[in-house]
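Step one of this worksheet: look at the structure below.
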Amino acid sequence: MFIIRMTIAALGCTICCGLGVPAAAESVRLSHEGRGLDGELKLAAAKTVKDGLIILVHGTLAHNRMEIMQAQQALLAERGVSSLAISLSLGISDRKGMYDCAQPHRHSNAQAVGEIAAWVEWAAQAGAGKIGLMGHSRGGAQVGLYAASAAPPASVQKIVLAAPTTFDRRRAATDFQTRFKTEFAPVIASADAWVAQGRGDEMMAVPGFMYCPNASVAAATFADYHATDGRNDAPSLLGRIPRSVLVVVAGGDEIVADLPARLQALPAAGLRRIVTVDGADHFFKDLYGEDLADAVAAYWQQ
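For the sequence shown, this note's numbering puts the final residue at 346, and the numbers step up evenly by one.
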């Protein structure tokens with residue numbers, strides 16, 4: 045159960061856009077499981093929510109007003125595509141900006157999937173007959189997890205994974221050692237053991253978690269983001285998604301460098317399309333953002 049709240053200004057976008065005037069992004073808020081969730085709605089000129097929109101999901105510990113989210117909203121609007129950029133709560137009501145590493149980590153992939161589902165329901169209740177989902181980086185893997193496990197409604201017709209994350213625990217162990225100067229194996233063993241003992245909600249003091257050094261993190265959270273069942277690995281999820289999926293690869297990506305090889309190794313699937321933006325970094329900066337928006341808009345309009 046959630047409560048929809050939309051600003052009067054956002055509702056007024058329908059009038060502005062009906063006159064062909066590009067609309068500024070407007071704030072949208074809903075309440076979900078006791079947390080306030082925030083979004084930014086940007087309607088393309090002469091469009092309303094009923095014409096459809098794409099829900100944008102950010103990457104690791106990020107937010108809906110980061111550079112790539114704002115850029116894609118503007119570029120998609122220029123191409124006649126409306127969008128709603130959301131901030132995942134990461135367990136914090138009305139969260140703004142990047143996640144504060146001083147905050148304890150009590151969030152999960154399941155929580156992200158639930159919040160994506162809540163925004164899909166918001167869009168449906170607002171009258172959107174056609175809904176798309178576009179996730180970047182970890183947000184791409186989480187959009188994939190939602191599409192693979194949550195039985196999306198028929199209105200969710202387009203799914204885009206932009207430079208989605210991959211996961212391999214051996215690589216995670218190496219990265220952990222490099223970043224935090226500590227062996228990974230004892231930390232994940234403790235987290236997994238605590239979860240098995242029913243102590244998943246208890247906090248662990250760890251050398252680091254994600255980008256955060258000396259973090260306080262629930263055992264279940266640490267275990268969840270290092271799980272080996274495919275939930276953190278976009279290529280593993282693709283075969284389980286019963287909808288059309290566009291994967292956009294950043295050709296110069298140094299963060300998800302193994303994505304092209306992982307995708308090439310997958311069996312062919314009629315519902316999956318892959319586009320590579322040659323030279324683009326992980327965040328599709330500068331003119332590469334135009335290429336990403338072109339690929340998404342063309343896919344949306346098919």
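The beta carbon of each residue, even a glycine, is placed where N, CA and C say it ideally should be. Small disclaimer: the values here were computed from a predicted structure and weren't measured.
*Determine the DSSP secondary structure at residue 228, reduced to helix, strand or coil.*
coil
*asked:* Using the three-state DSSP reduction, which class does residue 211 fall into: helix, strand or coil?
replied: coil
*Quick one: what does DSSP say residue 83 is sitting in, helix, strand or coil?*
Here residue 83 sits in strand by DSSP.
*Determine the contact status of residue 270 and residue 181, defining contact as a CB-CB distance below 8 Å.*
The answer is no: Cβ separation not under 8 Å.
*Who pairs with residue 142 in a beta bridge, going by DSSP?*
Answer is none; residue 142 lacks a bridge partner.
*residue 203 and residue 112: beta carbons closer than 8 Å?*
Against a cut-off of 8 Å, the Cβ pair of residue 112 and residue 203 comes out as no contact.
*asked:* How far does the beta strand (DSSP E) with residue 258 in it extend, from its first residue to its last?
replied: 256 to 262
*In the DSSP assignment, what residue or residues form a beta bridge with residue 253?*
Paired residue(s): 256.
*Which one of 241, 254, 265 and 242 has the shortest CA to CA distance from residue 248?*
265
_Distance between residue 123 and residue 338 (C-alpha atoms, nearest Å)_ = The straight-line gap from Cα to Cα measures roughly 8 Å.
_Taking the alpha-carbon of residue 335 as reference, which of 320, 344, 289 and 69 has the nearest alpha-carbon?_
320
_Rounding to the nearest angstrom, what Cα-Cα distance links residue 322 and residue 277 in this structure?_
22 Å
*At least 3 beta-carbon pairs within less than 8 Å: the segment 112 to 121 vs the segment 192 to 202*: no
*Give me the Cα-Cα distance between residue 217 and residue 160, rounded to the nearest whole angstrom.*
29 Å
*Taking Cβ to Cβ, would you say residue 348 is nearer than 8 Å to residue 132?*
Within the shown structure, residues of the chain are numbered from 45 to 346, placing residue 348 beyond reach of any answer.
_Collapsed DSSP secondary structure at residue 388 in the structure displayed_ = Since the first and last residues shown for the chain are 45 and 346, residue 388 lies out of range.
*Does the pairing of the segment 229 to 244 with the segment 203 to 212 give three or more beta-carbon distances under 8 Å?*
no
_Buried/exposed call for residue 92, threshold 16 Cβ in 10 Å_ = buried
*Considering only C-alpha positions, which residue in the set 324, 317 and 333 is nearest to residue 347?*
Any property of residue 347 remains undetermined from this structure, which presents the chain solely from 45 to 346.
*From residue 187 to residue 288, what distance separates their C-alpha atoms?*
13 Å
*Roughly how many angstroms separate the alpha carbons of residue 301 and residue 139, rounded to a whole number?*
Straight-line Cα distance between these residues: approximately 30 Å.
_For residue 125 and residue 83, the rounded distance between their alpha carbons_ = Here the alpha carbons of residue 125 and residue 83 stand approximately 16 Å from one another.
*Work out the CA separation of residue 184 and residue 110 for me, nearest whole Å.*
15 Å
*Look at residue 105 and residue 142 and say whether their C-beta atoms are less than 8 Å apart.*
yes
*asked:* Quick check on the DSSP output: the alpha helix (DSSP H) that includes residue 294 runs from which residue to which?
replied: Counting along the chain, residue 294 falls outside any alpha helix (DSSP H), though it belongs to the beta strand (DSSP E) covering 289 to 294.
_Nonlocal neighbours in the same chain, by C-beta distance under 7 Å from residue 69, ignoring five residues either side_ = 84, 85, 86 and 117
*Where does residue 175 sit, in a helix, a strand or coil, going by DSSP?*
Correct three-state label for residue 175: strand.
_To test your reading of the DSSP string, which unbroken alpha helix (DSSP H) runs of 4 or more residues are found completely within the segment 260 to 337?_
263 to 268, 278 to 282 and 303 to 308
*Ordered along the chain, which non-local residues of its own chain (more than five positions away) have a Cβ less than 6 Å from that of residue 240?*
none
_Rounding to the nearest angstrom, what Cα-Cα distance links residue 311 and residue 282 in this structure?_
10 Å
*Leaving out five residues before and five after residue 294 in sequence, what residues of the same chain have Cβ atoms less than 7 Å from its Cβ?*
207, 321, 324, 325, 326 and 328
*Between the Cα of residue 189 and the Cα atoms of 221, 165 and 152, which residue gives the shortest distance?*
152
*Does DSSP put residue 159 in a helix, in a strand, or in coil?*
helix
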